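Report on the structure given below.
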Amino acid sequence: MHGNGPQVGNLIIQQEAGSGQIPPYSLDIWRRHDQGSMGYMLERMLINRLRFLKIKAPVTSVLTEVVVDKEDRGFREPTKSPWALSTLNSGPSSSCGPSAGR
Numbered sequence: 022m023h024g025n026g027p028q029v030g031n032l033i034i035q036q037e038a039g040s041g042q043i044p045p046y047s048l049d050i051w052r053r054h055d056q057g058s059m060g061y062m063l064e065r066m067l068i069n070r071l072r073f074l075k076i077k078a079p080v081t082s083v084l085t086e087v088v089v090d091k092e093d094r095g096f097r098e099p100t101k102s103p104w105a106l107s108t109l110n111s112g113p114s115s116s117c118g119p120s121a122g123r
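Below you can see the structure in the form of structure tokens.
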């Protein structure tokens, strides 16, 4: 499974750099910001390809939310860091908890 933790981590680092000038967003806002950006990029690529092929078709992206169980083991024993840059991990796909590899 792959998440958008590294991308969100980059956005949070950018936010921290400007924290003296603007109020911070919460993590849920940053996750939607990242998802919306990815949806937009996918839409643009698909629209451009369809135009190249001379195909007229509507393109859209949809953001969704998923309700997760607050008792999920992943909250107590995370296997990924939500931050892009970490002194504890060698990279975004590194394990960071005792349940690594589950």
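So the working numbering is basically just the index in the sequence shown, starting at one, shifted up by 21.
By construction, the Cβ of each residue, glycine as well, lies at the ideal position given by its N, Cα and C atoms.
Since we're looking at a predicted model, the values are computed, not measured.
1) Leaving out the 5 sequence neighbours to the left and right, which residues in its chain are closer than 7 Å to Y46 when beta-carbon positions are compared?
2) Is the number of C-beta pairs between the stretch 74–83 and the stretch 46–55 that are closer than 8 Å three or more?
3) Under 9 Å between the Cβ atoms of L67 and V83?
4) What's the C-alpha gap between G41 and G30?
5) Assuming Q56 is part of the alpha helix (DSSP H), what are its boundary residues?
6) Any idea what DSSP makes of N31, helix, strand or coil?
7) Would you mind reading off the limits of the alpha helix (DSSP H) that contains R41?
8) Ordered along the chain, which non-local residues of its own chain (more than five positions away) have a Cβ less than 8 Å from that of L32?
9) Taking only heavy atoms of the ligand HEM into account, decide whether any of them is closer than 8 Å to the Cβ of K75.
The short version:
1) Q36
2) no
3) no
4) 18 Å
5) 48–73
6) helix
7) Just to set this straight, residue 41 is Gly in the shown sequence, not Arg. No alpha helix (DSSP H) holds G41; DSSP gives it neither H nor E.
8) W51, H54, D55
9) This structure lacks the ligand HEM, and indeed carries no ligand of any kind.
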